[in-house]
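If you're matching them up, the sequences are chains A, B, C and D in order. Taking full-length UniProt numbering, the leading residue of the first sequence gets 1, the next gets one more, and so forth. Taking full-length UniProt numbering, the leading residue of the second sequence gets 1, the next gets one more, and so forth. Taking full-length UniProt numbering, the leading residue of the third sequence gets 1, the next gets one more, and so forth. Taking full-length UniProt numbering, the leading residue of the fourth sequence gets 1, the next gets one more, and so forth.
There are 4 protein chains.
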Amino acid sequence: MTFSVAVAGASGYAGGELLRLLASHPEFEITTVTAHSNAGQPVAAVHPHLRSLAEKVFVATNAQHLAGHDIVFLALPHGASGALTAQLDPDTLVVDCGADHRLESEEDWAAFYGGDFFGAWTYGVPELLIGSGKQREKLVGTKRIAAPGCNASTVELSLAPGIAAGVIESLDIVTVLAVGPSGAGKALKTNLLAAEILGTANPYAVGGTHRHIPEIIQGLRWAGAERATVSFTPVLVPMSRGILATTTAKIVPGTTAEQIRAAWEGAYADETFVHLLPEGVFPRTADVLGANTALMGLAIDEAAGRVIIVTAVDNLAKGTAGAAIQSANIALGLPEATGLPIDGVAP
Amino acid sequence: MTFSVAVAGASGYAGGELLRLLASHPEFEITTVTAHSNAGQPVAAVHPHLRSLAEKVFVATNAQHLAGHDIVFLALPHGASGALTAQLDPDTLVVDCGADHRLESEEDWAAFYGGDFFGAWTYGVPELLIGSGKQREKLVGTKRIAAPGCNASTVELSLAPGIAAGVIESLDIVTVLAVGPSGAGKALKTNLLAAEILGTANPYAVGGTHRHIPEIIQGLRWAGAERATVSFTPVLVPMSRGILATTTAKIVPGTTAEQIRAAWEGAYADETFVHLLPEGVFPRTADVLGANTALMGLAIDEAAGRVIIVTAVDNLAKGTAGAAIQSANIALGLPEATGLPIDGVAP
Amino acid sequence: MTFSVAVAGASGYAGGELLRLLASHPEFEITTVTAHSNAGQPVAAVHPHLRSLAEKVFVATNAQHLAGHDIVFLALPHGASGALTAQLDPDTLVVDCGADHRLESEEDWAAFYGGDFFGAWTYGVPELLIGSGKQREKLVGTKRIAAPGCNASTVELSLAPGIAAGVIESLDIVTVLAVGPSGAGKALKTNLLAAEILGTANPYAVGGTHRHIPEIIQGLRWAGAERATVSFTPVLVPMSRGILATTTAKIVPGTTAEQIRAAWEGAYADETFVHLLPEGVFPRTADVLGANTALMGLAIDEAAGRVIIVTAVDNLAKGTAGAAIQSANIALGLPEATGLPIDGVAP
Amino acid sequence: MTFSVAVAGASGYAGGELLRLLASHPEFEITTVTAHSNAGQPVAAVHPHLRSLAEKVFVATNAQHLAGHDIVFLALPHGASGALTAQLDPDTLVVDCGADHRLESEEDWAAFYGGDFFGAWTYGVPELLIGSGKQREKLVGTKRIAAPGCNASTVELSLAPGIAAGVIESLDIVTVLAVGPSGAGKALKTNLLAAEILGTANPYAVGGTHRHIPEIIQGLRWAGAERATVSFTPVLVPMSRGILATTTAKIVPGTTAEQIRAAWEGAYADETFVHLLPEGVFPRTADVLGANTALMGLAIDEAAGRVIIVTAVDNLAKGTAGAAIQSANIALGLPEATGLPIDGVAP
């Protein structure tokens with residue numbers, strides 16, 4: 001059986017990655033692609049890398065064009081999907097790659113985003129530890145999925161095993177992320193110009209202001225944390241894609257090194273897309289480029305009393321579009337890995 | 001008066017940067033440049049960017065060639081300078097850009113480097129707060145200077161004001177550094193090949209093993225810390241030069257935001273080369289490219305209970321060669337900024 | 001039916017790309033992977049991006065290990081495959097990604113490579129115009145394939161339509177290529193270090209010395225040129241992969257702009273992997289990253305009397321491993337595009 | 001004596017580079033800096049790398065603010081300087097870094113730029129061969145200087161010696177340039193976003209449409225060409241600054257290799273800022289980063305019948321701001337190299 005698919009906001013970077021991955025999905029067929037200012041243009045004019053969809057034409061983003069599909073993926077600016085989805089058939093599987101349906105707390109939404117609050121959908125990180133199970137279970141049969149923030153899911157996956165196992169503390173987490181500028185989208189801002197990014201590292205949203213922080217804390221609570229604090233600093237570096245999150249947490253006193261590694265090993269041993277690397281090995285973002293894979297290395301710094309987890313994710317793939325498709329596969333009862341690349345494109 | 005200068009190990013990246021900066025120093029004259037495998041070649045064959053020294057020829061690195069100069073800069077692998085300097089005139093000003101004379105503790109040396117221990121020289125970070133003064137005072141008149149580790153001095157300058165003022169805790173510091181591969185030198189290693197670095201972020205020395213850690217802790221002790229722990233993770237990113245250190249420390253309970261900013265403002269208000277940027281502004285490494293300047297932005301994350309200091313330094317300039325020359329200027333009684341660039345080369 | 005596959009020299013960049021593409025080929029099964037110094041190690045230790053093959057172990061490169069497979073891909077230094085293939089079963093399909101079997105002229109081999117001459121195999125560029133047909137026809141049923149030089153095939157595909165149609169002159173061709181360092185392999189050379197490539201453009205093999213020149217001229221002869229001269233200059237630029245060839249040729253007097261575009265349009269209209277872009281549109285290497293696709297833009301400069309063809313190819317994919325697999329598909333009677341990605345990974 | 005200086009349009013990349021170089025010029029004092037939308041802001045807000053000018057404030061760009069200075073540098077969009085300079089004192093030295101006063105031919109202006117034609121000023125490429133002398137001579141005492149187009153001057157310097165000596169033909173020149181995006185300025189265009197430039201090579205203005213073409217042909221005429229044709233293709237590559245021009249020209253029949261090298265050697269032997277590298281050596285853009293230096297390598301391809309000249313220039317330094325200041329030095333009777341860096345910042 002083939003499912004018909006519409007992608008709204010398909011002209012941006014996240015939308016383009018959805019199209020790239022969907023184009024080789026054996027059970028999904030891209031029927032409709034929508035855009036705002038690019039409506040009327042062929043895909044090739046906006047995404048010259050998508051040769052297999054080159055002549056498909058963007059139509060305007062509205063409920064009419066999205067109606068009648070089995071699946072609708074939304075890659076819209078936050079605030080835009082909330083209004084739109086109210087008009088979609090409740091039986092359509094809708095996967096939102098924006099922020100509108102990630103947060104359960106209206107207070108957090110108001111503090112970090114503002115504007116209308118739309119309420120949370122099923123969170124699209126299947127491998128996330130939730131109580132005694134995993135988020136995967138909640139995705140089965142759901143009709144509404146909130147794909148995660150790319151930085152948020154990277155940090156959540158880095159920490160959840162240790163929190164669920166009680167080997168790390170959820171207070172006083174520190175994470176610093178090297179990120180590529182495609183995560184910021186196609187916005188025409190001076191600080192995203194190539195001349196401003198090439199040859200330099202550039203921090204932003206320093207000091208607890210990044211919108212992914214409440215999402216991370218929500219995920220850590222689901223994993224078992226009573227309370228969590230996270231110092232979160234992203235640094236733009238000159239690579240088009242990728243997140244390398246260096247996350248550290250205090251070791252719970254009395255925990256052994258074996259117990260610590262065992263927590264992560266146990267959590268991800270059976271996963272297709274999330275892997276703990278052998279001791280002493282750490283990932284590079286190139287290793288997951290274009291893939292729906294998260295690679296993780298773990299070190300224990302006894303002198304500092306901290307665990308360090310370094311996790312590499314492609315912000316557009318596993319961070320956004322891959323997570324969305326993986327979650328849709330689960331929701332529809334398809335094999336979870338259907339159509340998703342495991343190997344990165346390196347060097 | 002002009003001082004005659006020899007640079008030993010001038011064929012590497014640190015050596016090349018010493019030559020570049022020394023070439024425009026009005027009081028120093030480069031008389032001798034030494035190298036190992038490149039001895040006999042002209043500077044242009046190794047450093048094609050140094051047109052003003054193009055025809056000067058490298059001689060072999062030995063005590064004979066280094067004798068008879070007012071100043072000797074050493075840019076040698078660790079272990080090599082210790083033996084060599086024993087043979088130099090005690091009245092010659094010797095500035096070592098290697099690690100051999102940075103650490104006071106033989107135990108630290110044995111744990112992180114190993115091999116013969118040579119003892120500490122005067123540390124070459126003039127702006128570092130030491131007790132109630134600054135390291136600058138100790139440099140006046142000295143004949144032996146240990147230029148700092150580039151990552152170490154970046155983190156020390158980031159933290160010293162807060163520690164000296166008692167507003168941040170020295171336990172449980174976390175720092176993650178985006179660094180360019182020139183810091184690793186010209187070593188022919190697969191992981192330093194361009195194809196391995198381009199388009200990717202690559203962590204190394206994760207988990208408390210980096211050799212700059214004891215140097216940082218030593219610096220923090222000088223600044224007033226009784227004990228310090230530092231989780232330190234460097235991440236190679238695709239820029240040839242530069243360090244962007246994101247350093248966080250716990251705020252001492254009861255401290256106000258004003259007290260915190262005042263600590264850094266007070267420490268660096270009169271400095272030529274170290275600057276605290278205005279609130280909400282953070283530096284990029286491009287801003288200090290080629291310059292002897294450290295730029296620093298500071299944020300307070302109340303929810304996380306941490307101060308975040310983001311500091312940008314050119315690892316070869318302020319991180320190594322610039323610090324060496326600045327310290328030599330002070331040792332010789334010259335104006336501290338003589339011959340040193342303040343402005344970075346951007347974009 | 002599944003074909004068993006061995007890849008010799010699988011630890012290099014070309015070998016890694018063969019593995020990446022073969023891993024998702026539905027008709028091929030990677031049975032054996034060989035390496036030299038990495039023999040005994042798992043694939044993950046050398047190619048951490050290849051998670052789907054992570055635990056497969058490299059064995060030594062020798063005829064014994066390569067025997068008994070349906071297909072053998074060779075990714076060895078030039079000179080190494082010639083001796084080895086003499087020992088392989090004549091009925092095995094052997095695809096050499098090295099240079100040993102590309103050139104028909106022993107004189108050219110001696111002038112540009114030297115050492116033993118092994119003779120030419122069927123050239124692995126299916127879309128290349130050859131007389132009144134295409135190279136594809138010669139590949140059907142062959143047992144020995146020489147995958148092309150990445151730069152060579154890029155320039156041949158750029159020019160062949162115009163030469164076959166008689167609209168451009170084959171004398172006085174000029175081509176300048178922006179290339180990524182992965183094309184130079186994993187060789188430990190100072191000029192391939194990241195610090196030497198980041199932020200800079202670096203020409204090499206200037207002045208008619210590059211080894212792909214005789215291969216290009218051979219390809220142009222096949223396409224119909226009586227004689228050809230090519231000024232060929234590659235420039236290393238800071239991208240891990242990719243070739244952007246800017247190739248110009250003199251317009252044959254009396255030719256119209258319509259005739260010129262028609263030559264390329266006609267040649268590639270039915271191709272899956274080679275495309276002429278619309279007038280005024282030119283490709284970027286990102287558009288073909290990881291894909292077996294060549295994109296081409298064409299402009300006519302009347303004042304200069306030249307056609308300019310700009311062609312983008314991923315040197316490891318369409319330039320090497322993709323061409324090898326595409327050619328193997330044809331040789332074995334499989335649909336030509338089996339297992340090969342069309343869409344690039346961008347941005 | 002110190003000359004007072006105003007820089008108009010100082011908030012752009014060319015303006016920033018003027019400020020950077022002027023800040024260390026011993027005879028010039030920056031009195032006034034003007035901007036359009038950034039008027040009222042301090043320099044540090046726009047150019048955080050210019051610490052030595054951090055607190056100077058931009059004023060609006062108008063004739064009043066520019067009046068009363070010894071020198072006025074203009075770094076304005078083309079069309080803007082023409083109108084403005086009519087209002088400046090004829091005795092003020094005015095150096096225009098825009099295109100308004102480069103072309104002598106109104107026809108060329110109309111064809112490539114359009115709008116009002118302002119007429120040519122003295123061209124600011126001192127080393128350019130003009131008849132039996134050099135452009136330097138024309139600059140002495142002039143009050144109006146047109147700094148060159150960065151690509152144009154790079155190609156002119158590459159070719160002029162061969163044309164003046166009659167060893168290369170001026171018809172059928174082909175040049176392909178790898179260029180960094182800072183040359184395109186701070187314009188907010190999608191194709192200049194970092195995600196579009198990182199990891200990729202991107203051609204533009206293909207097919208004889210680039211505005212620097214008539215400027216190059218004008219320069220070649222001055223050097224002695226009766227007529228010239230140039231196929232000119234720029235390719236954006238992921239480096240913030242730099243031009244690497246690979247230029248080829250047909251060898252005049254009967255010319256020897258010695259005669260060819262002698263032409264370039266003779267032309268630049270006594271120059272401070274333009275150098276022919278030894279045989280077999282070619283420049284990288286990193287070698288001239290931040291410097292007022294042009295480095296050139298020359299090869300002869302006998303099979304192709306062409307000379308290849310590869311020239312590296314920093315588009316903002318020697319390509320624009322450095323040329324402007326060097327020309328101003330000459331016009332004012334100062335030593336030509338005053339205040340200008342010779343050594344590049346590498347690696």
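Where a beta carbon is used, it is the ideal one built from N, C-alpha and C, also for glycine.
Extent of the continuous alpha helix (DSSP H) to which residue i belongs
i, result
"D/A111", "106-112"
"C/R102", "Where C/R102 is concerned, there is no enclosing alpha helix (DSSP H), given that its DSSP letter is neither H nor E."
"D/V46", "43-46"
"C/L93", "It is not in any alpha helix (DSSP H) - C/L93 instead sits in the beta strand (DSSP E) that spans 93-96."
"B/S81", "80-85"
"A/G344", "It is not in any alpha helix (DSSP H) - A/G344 carries neither H nor E in the DSSP assignment."
"A/E215", "212-222"
DSSP-derived helix/strand/coil call for residue i
i, result
"D/N191", "helix"
"C/S158", "helix"
"D/S182", "helix"
"B/Y13", "helix"
"B/L18", "helix"
"D/V5", "strand"
"C/E29", "strand"
"B/L129", "strand"
"C/I71", "strand"
"C/N315", "coil"
"D/P335", "coil"
"C/A228", "coil"
"C/T256", "coil"
"residue 371 of chain D", "What the structure shows of chain D is the stretch from 1 to 347, and residue 371 of chain D is not part of that stretch, so it cannot be assessed."
"A/K134", "strand"
Cβ-heavy atom distance, residue i to the ligand ZN, below 8 angstroms
i, result
"A/A228", "The ligand ZN is not among the ligands present in this structure, which contains no ligands whatsoever."
C-beta atoms of residue i and residue j nearer than 9 angstroms
i, j, result
"B/S231", "A/R306", "yes"
"residue 355 of chain C", "C/P214", "Absent from the structure is residue 355 of chain C, since the part of chain C shown begins at 1 and ends at 347."
"C/A8", "C/T31", "no"
Bridge partner(s) assigned by DSSP for residue i
i, result
"C/T61", "In DSSP, C/T61 forms no bridge with anything."
"B/T233", "B/V176"
"C/H275", "C/L295"
"D/T248", "D/V174, D/I308"
Span of the beta strand (DSSP E) around residue i
i, result
"B/A39", "Premise fails: B/A39 is in no beta strand (DSSP E) and is neither H nor E."
"B/A146", "144-146"
C-beta neighbour in chain E for residue i, strict 9 angstroms
i, result
"A/T233", "Going by chain labels, chain E is absent from the structure shown, which instead holds the protein chains A, B, C and D."
Original post:
Quick one, which residues of the stretch 244-274 of chain D are near chain C if we go by CB-CB under 8 angstroms, in chain order?
Top reply: L244, T246, T248, K250
Original post:
Which residues, in chain order, does the stretch 196-229 of chain A contribute to contact with chain D at a C-beta distance below 9 angstroms?
Top reply: Of all residues in the stretch 196-229 of chain A, E196, I197, L198, G199, T200 have a Cβ within less than 9 angstroms of some Cβ in chain D.
Original post:
If you measure beta-carbon to beta-carbon, which residues of the stretch 8-20 of chain A are closer than 9 angstroms to chain D?
Top reply: Here the close residues are Y13.
Subject >> chain C contacts from the stretch 182-194 of chain B (Cβ-Cβ distance under 7 angstroms) >> reply: S182, K186, L188, T190, L192, L193, A194
Original post:
If you measure beta-carbon to beta-carbon, which residues of the stretch 278-289 of chain D are closer than 8 angstroms to chain B?
Top reply: V281, P283, R284, A286, D287, V288, L289
**OP:** Residues of the stretch 151-165 of chain C with a CB closer than 9 angstroms to any CB of chain A: list them in chain order, please.
**Re:** none
Subject >> Contact list for the stretch 302-314 of chain D against chain C, Cβ threshold 8 angstroms >> reply: Residues of the stretch 302-314 of chain D whose Cβ lies closer than 8 angstroms to any Cβ of chain C, in chain order: E302, A303, A304, G305, R306, I308, V310, A312.
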